[in-house]
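Since the structure comes first, as C-alpha cells, the remarks are kept for the end.
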Amino acid sequence: MPITRRTLMKTAAASVALSAFARPTLAEKGRPGLVVALPAQPDFTDPVMANNTPTLRTLYNVYDALLRLDYNDNLKVVPALAQSWRRLDPTTLEFVLRPDVKFHDGSTMTADDVVFSLSEARRKGPEGKGATVAAQYQRTIDNVVAADAQTVRITTKAPDPALEKKLAAWSCQIVSKAAFEKAGSWQAWFQAPVGTGPYKIKENRKDVGLVLEAHDDYWGGRPPFERIEFRVVPESASRVNGLLAGDYDLISDLPRDQFDAIGGNDALDLLGGAILNMRILAIDTTAPWLSDPNIRRAMSLAIDRELIVKQLWADRIAVPNGAQYPIFGDVYLPEFPAVAHDPKRAAELVKASGYGGEPIPYRLLNNWYPNQVLTAQVLAEMWKAVGLNIALQPMENFSQVYQKPIGAVWDESIVPAWPDPTAMVWRQYGPGGGLNKLAIWNSPEYQEIGARFEQSGDADARRKLQLRSLEIIADQVPFIILHSNGGFFAKKKTVAWAPYPALPMDFGPFNPATVRGI
Amino acid sequence: MMFVVVRLARALLTILIVVSFAFVVLRLSGDPALAILTNEAPPEALLAFRQSWGLDQPVLVQYLTYLRTILSGDLGVSMRDGRDAFTVVAERIPITLAITIPALVISIAIGVTAGICAAFNPNSRLDRGIMLAAVAGFTVPSFVLGLLLVLVFSVWLGILPSGGAQHWTNAILPIVTLGVGSAATLARYTRAALLEVLDRPYVRTASAKGVPWRLTILSHALPNAAIPMVTILGFLVGQLIAGAVVVENVFSWPGVGRLLVASVASRDLAVVQCLLFFVAATMIAANIVADILYSLFDPRLRASTHGGGA
Amino acid sequence: MSDAVKQEEQLGMEPRRLPSASICCAIGWLGLLLALGLFGRWLAPYDHTAIDLLDRLAPPVGFGGSFAHPLGTDELGRDLLSRLLVSIQMSVLIACGATLLGAILGTLLGFLAAHVKGAVEQAILALVDFQATMPFLILALAILAFIGNSLVIFMGLLALHGWERYARIARGLALSANTQGYAGAVWQLGASPARIYLVHILPNVMATLIVSMTIAFPEIVLVESGLSFLGLGVQPPATSLGSMVGNGRDYLATAPWILIIPAATISLMALSVSLVGDWLRDRFERTGLR
Chain G
77 MPITRRTLMK
87 TAAASVALSA
97 FARPTLAEKG
107 RPGLVVALPA
117 QPDFTDPVMA
127 NNTPTLRTLY
137 NVYDALLRLD
147 YNDNLKVVPA
157 LAQSWRRLDP
167 TTLEFVLRPD
177 VKFHDGSTMT
187 ADDVVFSLSE
197 ARRKGPEGKG
207 ATVAAQYQRT
217 IDNVVAADAQ
227 TVRITTKAPD
237 PALEKKLAAW
247 SCQIVSKAAF
257 EKAGSWQAWF
267 QAPVGTGPYK
277 IKENRKDVGL
287 VLEAHDDYWG
297 GRPPFERIEF
307 RVVPESASRV
317 NGLLAGDYDL
327 ISDLPRDQFD
337 AIGGNDALDL
347 LGGAILNMRI
357 LAIDTTAPWL
367 SDPNIRRAMS
377 LAIDRELIVK
387 QLWADRIAVP
397 NGAQYPIFGD
407 VYLPEFPAVA
417 HDPKRAAELV
427 KASGYGGEPI
437 PYRLLNNWYP
447 NQVLTAQVLA
457 EMWKAVGLNI
467 ALQPMENFSQ
477 VYQKPIGAVW
487 DESIVPAWPD
497 PTAMVWRQYG
507 PGGGLNKLAI
517 WNSPEYQEIG
527 ARFEQSGDAD
537 ARRKLQLRSL
547 EIIADQVPFI
557 ILHSNGGFFA
567 KKKTVAWAPY
577 PALPMDFGPF
587 NPATVRGI
Chain Y
155 MMFVVVRLAR
165 ALLTILIVVS
175 FAFVVLRLSG
185 DPALAILTNE
195 APPEALLAFR
205 QSWGLDQPVL
215 VQYLTYLRTI
225 LSGDLGVSMR
235 DGRDAFTVVA
245 ERIPITLAIT
255 IPALVISIAI
265 GVTAGICAAF
275 NPNSRLDRGI
285 MLAAVAGFTV
295 PSFVLGLLLV
305 LVFSVWLGIL
315 PSGGAQHWTN
325 AILPIVTLGV
335 GSAATLARYT
345 RAALLEVLDR
355 PYVRTASAKG
365 VPWRLTILSH
375 ALPNAAIPMV
385 TILGFLVGQL
395 IAGAVVVENV
405 FSWPGVGRLL
415 VASVASRDLA
425 VVQCLLFFVA
435 ATMIAANIVA
445 DILYSLFDPR
455 LRASTHGGGA
Chain F
102 MSDAVKQEEQ
112 LGMEPRRLPS
122 ASICCAIGWL
132 GLLLALGLFG
142 RWLAPYDHTA
152 IDLLDRLAPP
162 VGFGGSFAHP
172 LGTDELGRDL
182 LSRLLVSIQM
192 SVLIACGATL
202 LGAILGTLLG
212 FLAAHVKGAV
222 EQAILALVDF
232 QATMPFLILA
242 LAILAFIGNS
252 LVIFMGLLAL
262 HGWERYARIA
272 RGLALSANTQ
282 GYAGAVWQLG
292 ASPARIYLVH
302 ILPNVMATLI
312 VSMTIAFPEI
322 VLVESGLSFL
332 GLGVQPPATS
342 LGSMVGNGRD
352 YLATAPWILI
362 IPAATISLMA
372 LSVSLVGDWL
382 RDRFERTGLR
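Residue numbers (the working numbering), protein chains in the order written: chain G, 77 to 594; chain Y, 155 to 464; chain F, 102 to 391.
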C-alpha cells in the first residue's frame, strides 16, 4: 500500500507547517482570529431557546447572566453581571448589579433589563418554544422586581436552595430590553441579538456558521480573540482533513481513532476528556422482562465499562461513582461505589429469572452521541455473553424512540445542567422531567425523596436524602450508567485555548488558557 | 398542440402526486410536536404547537387544509428557524446550482466525447481504457471520491480548501466529485447508443453506398443515437441532485443538499416539503426538455399510430 | 415465416466465438460472488458480529496483519473477512432482487403504456413522471427518515429503484419498433399482443434494457452505500458492502483497508456485470435477435 499512516502524517505535518506560513493566523491588530469547525450550529441565537450542545458551545461567549459558574473552580457560583447577592429569606434573593456594564450596542445595562430578561414573555419564547428550555431553570421563579436602578429582587414560589446555581447556569442571561423591543419580533431579534458577553454576533448563516466579533467594552476584560468563526462541518473526516489542511484552527468532536494521528503531529494538539454529561441507557421498566429488576441488574453487571473506556475512548474518560458528580459540592458522596462488572453474577441472575431468550429491543439512533452505534454493538455482544438477547432497532430521531409503547432500552445522556443533584436524574425523572413524562419508571419512594431534597436547605438532611436516592438508583437500575461522555478537540499548537470538562466552549478572558501568549 | 396539452396535464398530475406524497410521508410519521419541542416540553406547549400547525384535526381535514394552503402558495414556516420555508430553500438554490451546473456541463463535455471515441474504436485499447475509467468513476461512491480528493489536494498538496464556501476555489473539488459520476454514466450510455445505431441497416447501407464515414455519423448515427441518450437527461439531473446531497455534506457546501439532510434530521417538515417540491419542479422541467428533444430527434414518434393490433 | 427469416439471417453470421478471457474472468467473479452470496455465511471463519475490542483495526495479511484475520479487523475488532462474506450475501441479495424486480415491473408497464393508449397510458406515465421527479436517494431519504428504517422497507424501496427508466425505455423502443416495419408486419399477421411484445419486441429492445440493467445493478449497491453515508443504509447488526464502505470513511486515512476491501469488491462486481452485459448484447446481435 503506497499510503501508510506515517507518510500521510509526515506530509500532513509539512503541509500544516507550510500553510501556517502562507496564512498568518495573527490578525494585524495583534489579536488572533479563530476558525472553529463544529458539527452543528445553534438553530436560534438566544439562550432561552435551547440548552443543547451547539447552543452552549457558541452562545456561551455571547451572553452573561447575573452569576456565572467558575469552571476552573469546581463550578462554584461567582458574581457576573451582579457584583454581589444575598438571601433575604428562603424565597427571596437580592442582587446588586455591577455598574457600567455595556451591552453589545454600547448601551448600559440597568435593573430594567434584568427584570425584562427574566420575564414571562422572554421565558416563553416565540409560540411557547422557550417554555421547554428556560422553564427548566426558571420554573420556581415567582416574580422579579427592580428595587432601585442597581438592585433586583427575585422571589420563588417555594424555597429553592439551588436558585443561584440555576441562574448562573443557562437560559437566565441578560439581554437589552430596548434592543429586543426595537427588533419588534423574535425573528428580527434572532438576526441581531444584544447581550453583554465577550463577543457579539456578527453574522449568522444557516449551515455555514456563526461569526463572532470581540466586544471590546466587555466588563470582564479584553476578549482574547479578534474574531471567532464557527463553521458547520458535519462530517468528522472533513473536520480532521480541514484541520490537517490548515483550514481550521480548532475542531470539535474528534473521533477516537484520530487521537494517535493528531497526538503524533508536531503542529497539532489533542485536547479534552470526560465532560459533565453522564451517558446512560434508559429503560422502559414497564416492559416484559425489563420490568424484572434482576434482568436490569444483570444488564448492568454484564457491561465491561473499563474495556469500553479503554478501547473506544483511549482511556481518556471515566465512569462516575453513581449518578453524581464532584461538582455537587457538599452533597457529593465520594465513597459511593461505582457500578460493578460481574458477568458471572449477571449470567446467574438471567438464568434464575426464567428468561428464555425473547428479544429485548434496543432503540438505537445513528450516532446522536459519540461512539453510540459502536458502543451499542459492543453492549449487544456483552449481553449476549450472559444469555440476554438484545435486538438493535435503528431509529432516525427521538420522536421515533419515544413512540409508545416503548418497551425497550435506548441511549440518553444526563447533563447536570446546574451543579446540584436537582439538575441531574431528578431533572429527568422528577415531576415534569423528560423521562418522567414517558412513564417508564414508577418509584414512589424516589419521588418522595426527590421532592423533599428539592426544598431542603439543611446540608445534612440533603446528604442523607441524596445517599438514599443514589442507593435506589443503584439497586433498582431504572437506567444503566455507562460512563461520562467524552468531548475531544484538536487544534493548531499556536492557538491558545483549552476546553472545560463541560459542554460550553469559553473563548473569553475567564478561560486561563486563552491568556497565554498575548 | 395536443402533445403539449397532454404533457402539461401530466405535469400537473405529477405535482399533485408529489404534494400528496409529501403529505403522507411527513404527516403520518410520528408527532412533529414531540420532535420539535422534545418530550421535555410542558403539555400545554405541545398542545399549542399542535393547534397552531393543525395537527389536532382529522387526517382528511389536514389533507384538504394542506392542499388549500399549498395552492394559495403558502409553503409554511421553518420549524428550525422560524423563517418562511420558501425563503429558506430559495436562498440555497443558487449555491447548489453553482456546483451542479458546472458539473453537468463538464460531465456532458467529457462523457459524450469519451463515449463517441470509445464507440468509433470498439474493442480497441482506447475503448477498453475509457470503459474501465467509466466503470471506476461510476462505482466509487462520491463520498469516498470526495474524501480522497480532499486528502490529495487539501491535506497533501495544500492547494485547495477542504470544505466550506468562503471562496470560489471551494467549489472546485465538489464540482469534480459531482461531475465524475455523471461523466461516467454518460460515456457508457453514449457508447452503447452509438454502437447500436452504427450496427443498423441504414447506417451500414449508407456506408456501403460510399457516403463518407464522417457524414454518415453526423447525419445518421448521432441523431439516432441521441434518442436513447436524451431519455437519460432527466436521470442525469436527478443523479446530480442526489449527488449534491452527499457531496455537499462531505464538503460542508451550504446548498439544498445540506439543507435537506439538516432538515430531515431535525424533522423540519415545512422545509423538507418545500425541498421535495423544488426537486420535483426541477425534475419535471428536465423531463419536459428531454421529451421535447426526444420528439425533435425522432419525428416519427409525433405522427405515429402503431400499425394493426388493438 | 419469422423463423425462416431468422434462419436466413443466421446463415449469414460468422460462427459463434468463445467468450474472451476477460469475459471468463468476469463470469467467474460473478459466479464466485453468487456462490459466496449463497454459502458465504457458512464459510465465514468468525461470527460477523463477534467483537474483540482488544484487536481493533488489525491490518490485513501482507500489511502487518496475521492469518488469524486475513483481511484484518474493523473498528470493533470484528473479522473483516467474515463481515465481507456476509456483506456480499446481503448486497447480492439486495442488488439482484431490486434490479430484477425493477426491470420486470418497468418493462411490463412500459409495454403496457405503449400498447394501451388513453387513460391507462397516462396513468402509467404519471407514475413514471412521479418516480422520475424524485431522485431515488431523496425519495429514500424522505421515506426512511420519516417512516423508519427496517430491512423490509429498505428492500422494498430499493426494488422500486429505476423502474421508471425501464418503463420509459421500453415504451420508447416499443413505439419505435411498432413503426419500424417488422413489428408492423407481425401485427398484420394477427399475432397476439403478448406474443408480439415478448417474442418480437422484447428481444429487439433487450440490448438497451440489458445495458440499463448493468448500470442499475452496481448503482443499487452504490445508492445503498450513499444511504449508509447519510446514516440510512443497512443497519447493524446486519451489514452490506455499501454500509461497510459508508462506515469505513472515517478510517480512510488511518485504517484504509476497512473501506478499500468492500469498495474494491463493489468495483470489480460492477466491472464484471458491465463486461458480461456487453458480451451478452453482442451475443444477441450475433444470433440475430437484434
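Heads up, the beta-carbon is just placed ideally off N, CA and C, and yes, glycines get one too.
Are residue i and residue j closer than 7 angstroms when you measure CB to CB?
| i | j | result |
| --- | --- | --- |
| Y:G411 | Y:A398 | yes |
| G:D345 | G:K569 | yes |
| G:A374 | G:V308 | no |
| Y:A252 | Y:A325 | yes |
| G:Y147 | G:Y438 | no |
| Y:A380 | Y:V351 | no |
| G:Y139 | G:G273 | yes |
| Y:A272 | Y:R345 | yes |
| F:G141 | F:I189 | yes |
| G:A414 | G:F555 | no |
CA-CA distance, residue i and residue j?
| i | j | result |
| --- | --- | --- |
| Y:V213 | F:M235 | 24 angstroms |
| G:P175 | G:A268 | 24 angstroms |
| G:A589 | G:W444 | 29 angstroms |
| G:P410 | G:N150 | 14 angstroms |
| G:P115 | G:L330 | 10 angstroms |
| Y:D445 | G:V491 | 58 angstroms |
| G:A113 | F:A227 | 45 angstroms |
| F:Y147 | F:S341 | 16 angstroms |
| Y:A293 | F:I367 | In the sequence as presented, Ala is not what sits at residue 293 of chain Y; that position holds Thr. Going from the Cα of Y:T293 to the Cα of F:I367 covers about 7 angstroms. |
| G:N137 | G:P202 | 23 angstroms |
| G:A428 | G:L464 | 13 angstroms |
| G:D617 | G:A343 | Because chain G here runs from 77 to 594, residue 617 of chain G falls outside it and cannot be looked at. |
| G:Q476 | F:A246 | 10 angstroms |
At a Cβ threshold of 7 angstroms, is residue i touching chain Y?
| i | result |
| --- | --- |
| G:S314 | yes |
| F:A371 | yes |
| F:P319 | yes |
| G:G318 | yes |
| G:P269 | no |
| F:V300 | no |
| F:L238 | yes |
Which one or two residues does DSSP pair with residue i in a beta bridge?
| i | result |
| --- | --- |
| G:A566 | G:I327, G:L346 |
| G:R144 | G:V154 |
| G:R355 | G:S489, G:H559 |
| G:I277 | G:L288 |
| F:V180 | Reading off the sequence shown, one finds Asp at residue 180 of chain F, where the question assumed Val. Paired residue(s): F:T174. |
| G:A467 | G:P437 |
| G:S160 | G:V172 |
| G:R303 | G:G109, G:E289 |
Comparing the C-beta of residue i with each C-beta of chain F, is any distance below 7 angstroms?
| i | result |
| --- | --- |
| G:V385 | no |
| G:D454 | Before going further, note that residue 454 of chain G is Val rather than Asp in the sequence given. Chain F, which has a Cβ nearer than 7 angstroms to the Cβ of G:V454, makes this yes. |
| Y:G388 | yes |
| Y:P408 | no |
| G:P435 | no |
Please check if any C-beta of chain G sits within less than 7 angstroms of the C-beta of residue i.
| i | result |
| --- | --- |
| Y:S403 | The residue asked about is misnamed: residue 403 of chain Y is Asn in this sequence, not Ser. Cβ-Cβ to chain G under 7 angstroms: yes for Y:N403. |
- [ ] Kindly confirm or deny that the segment 248-264 of chain G and the segment 497-512 of chain G touch, where touching means at least three C-beta pairs closer than 8 angstroms.
- [x] no
Open item on the list: Pairs of beta-carbons, one from the segment 417-436 of chain G and one from the segment 147-161 of chain F, closer than 8 angstroms: are there three or more?
Closed with: no
TODO: Examine the Cβ distances between the segment 291-306 of chain Y and the segment 349-357 of chain F and report whether three or more of them are shorter than 8 angstroms.
DONE: yes
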